[in-house]
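Quick notes on the structure that follows.
Residue numbers (this note's numbering), protein chains in the order written: chain W, 1 to 600; chain L, 1001 to 1600.
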């Protein structure tokens, strides 16, 4: 019986390679915009090893990735890659030596008995041996591991509109697709304006995605929904969109008597599927980057849509990079902390022990970086090169920000729990002490008894209250029950406190409200906030939505008339909120199919 | 006037890219053998910045390396790569953003005023800005920085010998060359045996470099001198060798009335030129790797042959890799130490301050790794994964080895001096204290008054004496004058102490003898040891030479019948010894041409 050989590599290298491809894929008006943070490279020189006790003689062949040079050592003898190697019976130690520059070194080892899988060990000449990495997407020896096996589906436009300068082709839905222009007769020079919305495709002045196809008529992968082609007519031009995606089966169905709610689920699902590829991305037009905080939320949506632990793993590996951490994840202090918390929460949901073992040293390393940035109270403070994001909101940023300290305390708590899961009690105790001390300091410095709220800054004396730190205090169990109730009344349900304007922080706010039993308010918000986008014609959910703004102002962001991502992962949270908190309520039915085909 | 634009990159990245290519280039009997140490990758995401005060408007164009994506920011505006950018007069800050996976990111910026050179700064999103890297080999905007501009010279064989299985083509000299086979009529299937020596080319069983050319008749770069082609005749086959090399002009001439000495210089020069490319290599057949200790010696030879500071720099950058150091250079503790010493010595010779500034943090990082490996006396000891090489010799390896401690003390001394050159007195003082304390401990523990020598081990009680630690004690000024004299008598001039068997350690031994005034013994050794190789027909000098062995045993090493490198850089030291210590003696004349055409 031929065992199933998988491509194997140093764990994380595959993710670091594709993460670079992903983070370098953003294009704005013809300009490449590689992500502006420390890029983490894969290893270039590895060894993969395995010892077999062979009951009879056998043979095997080692394939390397196409850029690789190397050889195989069996016992004391060296053999080339790509040729059949015979092994006598007995105990035999096999080492596959690989060097590769342009892409990550990987091997596929084919034999009846000797065959590559996750039981092989990997070394990089710097650290102790670790289990090799592999993926269900690379199980064919004829694959090139540096080429991702995307699924493809070809779409034709569902409608063509005639405009002054040329035709506007309308596709059934937004997708990540390359375009193929096929001319009747000779190709004509033209410009192709590609939009998530009709407005941007028709705005030849300001359109974000513009392509000038060559004679081959190809436009590279973009966020495609509306396509406006100058210097042409519908008669002379046929256009196809080649949608490339990673096939992550949806394992949850949603039903509700409310058509608006059904549509919210549907649009959120479409939004989320487009933003879920090899990794969780922020958006499909922009940034196409892997952001830690965005991914943190996507992992909660994932539990109630794909229930796919692998995309979580790939995304975390891409985000954490290589230890030691010297910069914050995406340069953002809060994203570092959310990722540490996220790995622990991933473990709790999927019981994914080998992954926790793999990530624990990297979590420690990220937290050690934070610890190196503590001020005298033990609060973590950003350095010049760090970004304290939290949300697009007006904070009092004098000194350490309260919301960051909440996440810092939650991260210590996550480390305590992770250490306990790994049966490392002394480290668990150390993190517990750190957490308790920090929570004490937070309460002493940031809690404002009169306002019934945590204030942004304890330094300025301005006692400025935003929702954010208070929401985190509830979400991560850092406030006691009495304070939680006060926060609920004085902050969350207090319309004088400025409203959240991003779906990103809506997630945290609405979940906090759910946990406080305020599901009615949550349902109301889902229907008005996400429903509000639907009312404006959204068929994917947006990076930001301010109901106060006029419809024609909804495309603008960062000073760019079409800078806003109109299909943004962090806007898909109704899936999580509805599935987790509303199943069986309001006549809502959420059905989750497990991997074995059972319902739970 | 058009200013001269150079390709620029993050400093060190070019070297790390080509170092991987170099260290992955070894081929043994058709098998790739990438170097077995931590491979240091280049950065994948950088920014290059410059601020100009423009007296009038100007324009420029940014080219990126072919794998790069990115854009240019001028003031607040973004521009694509590859298109002309207009700048108004005034102060303007320019940032070139680049991401590149398969090779290192690099830019060439072309304009009358705005133009890329070493005054640009580079950032990698992890560290403070540093001056950009550049090289005189990449000064043409049409170049692809991932392709080294080798010089080439085509050689035809000078002789063809008929043998039973086919012709043996003999080239005038050994070289690094690819082969081109041109058949009269159709190509025939054949095997090509390539040797540094006639013996290995004709030994089809054991030959080290074997090639089976395809229909194109090409054999990739190898150490070529003798080429034996089966299944052919001299009439049906024409063969050419395409010698690829880095053109490093020789700036020293040697003259002596002794023809043997002239021949020693000539063969050493040829050996050394073959082993000097982008980097200093150990050998051309094997390993083709960049080894720290080998390179350390090559830098001394370089001073009296090419006097080229750039190849030193490229080699050090390749060896030190990226901070922080977590493994030793080439895994070898003594090579780490020699490289630290070497950078300081490079500075002393070339007065190369910017390079010392660049390397100082990496030297500190390597030394910090050593400090983390100290035992209770403050001696440095190898970990399991470290190799304490020193030399191919029998040492008493119980506990810390004396020779390593000598280098460790010399490294502290080098750091003290380097810190002084950089005007960092407190660090200089710290390293001086460390050095003084270590030398005291060395003298207390390793000096054997009765034997008049430092012993290998102070733990075993065996009082085993080898030449190595004693030679280092003289070379690095660690023994006082009285002890130096005793060492000279009891060790260096004592035939009961086993002789050195590698040209590598001959360098250190002979230089120590020169410094003790024993130039007659040194001349005698040069003539007998290197002359001994000549007597055996050497036209390049060897990795190892034991005069006791029979001629037919001289090819073997590491248990491989042709494992020995017959053209090895560390055998070229007569150049250094003769030029430095014998100019004007024994009727020897060494003439050094400076860069300005003057003689010194």
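Where is the CB? At the ideal position from N, CA and C, for every residue including glycine.
Buried versus exposed call for residue i [16 or more other C-beta atoms within 10 Å across all chains shown]
i	result
residue 973(L)	With chain L covering 1001 to 1600 only, the question about residue 973(L) has no answer from this structure.
residue 425(W)	exposed
residue 1447(L)	buried
residue 552(W)	exposed
residue 249(W)	exposed
residue 1598(L)	Note that residue 1598(L) has pLDDT 46, beneath the 50 cutoff, so the model's placement of it is unreliable and no number is given.
residue 182(W)	exposed
residue 1(W)	Reliability fails at residue 1(W), whose pLDDT of 43 lies under 50, so the model's placement of it is uncertain and the value that follows must be treated cautiously. Residue 1(W) is exposed by the Cβ-count criterion.
residue 153(W)	exposed
residue 164(W)	exposed
residue 383(W)	exposed
residue 1530(L)	buried
residue 1032(L)	buried
residue 195(W)	buried
residue 322(W)	buried
residue 606(W)	Coverage of chain W is limited to positions 1 through 600, which leaves residue 606(W) absent and any answer about it impossible.
residue 11(W)	buried
residue 1280(L)	buried
residue 1600(L)	In this predicted model, residue 1600(L) has a pLDDT of only 43, less than 50, meaning its place in the structure is not dependable enough to derive any value.
residue 1396(L)	buried
Terminal residues of the alpha helix (DSSP H) in which residue i lies
i	result
residue 350(W)	333-350
residue 484(W)	481-487
residue 1013(L)	1013-1023
residue 222(W)	That residue, residue 222(W), is in no alpha helix (DSSP H); its beta strand (DSSP E) goes 218-229.
residue 1293(L)	1292-1303
residue 1504(L)	1503-1515
residue 1259(L)	1259-1274
residue 1309(L)	1309-1320
Extent of the continuous beta strand (DSSP E) run through residue i
i	result
residue 532(W)	Looking at the DSSP string, residue 532(W) is not in any beta strand (DSSP E); the run it does join, the alpha helix (DSSP H), is 531-535.
residue 167(W)	166-183
residue 1576(L)	No beta strand (DSSP E) contains residue 1576(L), which is instead part of the alpha helix (DSSP H) from 1574-1581.
residue 1244(L)	1237-1245
residue 153(W)	151-155
residue 211(W)	209-211
residue 1053(L)	1045-1054
residue 1059(L)	1058-1064
residue 72(W)	69-74
Anything in the stretch 28-56 of chain W with a Cβ closer than 9 angstroms to a Cβ of chain L? List those residues in chain order, please.
28, 29, 30, 31, 32, 33, 34, 35, 36, 37, 38, 39, 40, 41, 42, 43, 44, 45, 46, 47
Using a beta-carbon distance cut-off of less than 9 angstroms, what residues from the stretch 10-25 of chain W approach chain L?
17, 20, 21, 23, 24, 25
For the stretch 189-218 of chain W, which residues have a CB atom closer than 8 angstroms to at least one CB atom of chain L, in sequence order?
none
Tell me, please, whether the stretch 1397-1407 of chain L touches the stretch 1458-1472 of chain L by the rule of three or more beta-carbon pairs shorter than 8 angstroms.
yes
Of the residues that make up the stretch 1120-1139 of chain L, which ones have a beta carbon closer than 9 angstroms to any beta carbon in chain W?
1124, 1125, 1126, 1127
Where are the alpha helix (DSSP H) runs, 4 residues long or more, that stay fully inside the stretch 1379-1442 of chain L, in chain order?
1402-1421
Give the residues from the stretch 1073-1094 of chain L that approach chain W closer than 8 angstroms (Cβ to any Cβ), ordered along the chain.
1078, 1079, 1080, 1081
Short of 8 angstroms Cβ to Cβ, which residues in the stretch 1263-1295 of chain L face chain W?
none
Determine which residues of the stretch 414-433 of chain W have a Cβ less than 8 angstroms from any Cβ of chain L, and write them out in chain order.
none
Would you check if there are 3 or more beta carbon pairs closer than 8 angstroms linking the stretch 1221-1231 of chain L to the stretch 1194-1213 of chain L?
yes
Short of 7 angstroms Cβ to Cβ, which residues in the stretch 320-352 of chain W face chain L?
326, 327
Of all the alpha helix (DSSP H) runs that stay within the bounds of the stretch 1446-1478 of chain L, which reach a length of 4 or more residues?
1467-1475
For the stretch 83-114 of chain W, which segments carrying the beta strand (DSSP E) assignment without a break, of at least 3 residues, lie completely within its bounds, in sequence order?
85-87, 90-99, 106-111
Within the chosen definition, does the stretch 133-147 of chain W reach the stretch 251-267 of chain W through at least 3 CB pairs nearer than 8 angstroms?
no
Report yes or no: do the stretch 501-512 of chain W and the stretch 554-571 of chain W share at least 3 C-beta pairs separated by less than 8 angstroms?
yes
Given 8 angstroms, three or more beta-carbon pairs between the stretch 118-138 of chain W and the stretch 84-92 of chain W
no
Does the stretch 370-379 of chain W come within contact of the stretch 295-312 of chain W, defined as at least 3 CB pairs closer than 8 angstroms?
no
For the pair the stretch 1322-1337 of chain L and the stretch 1360-1369 of chain L, tell me if three or more CB-CB distances fall below 8 angstroms.
yes
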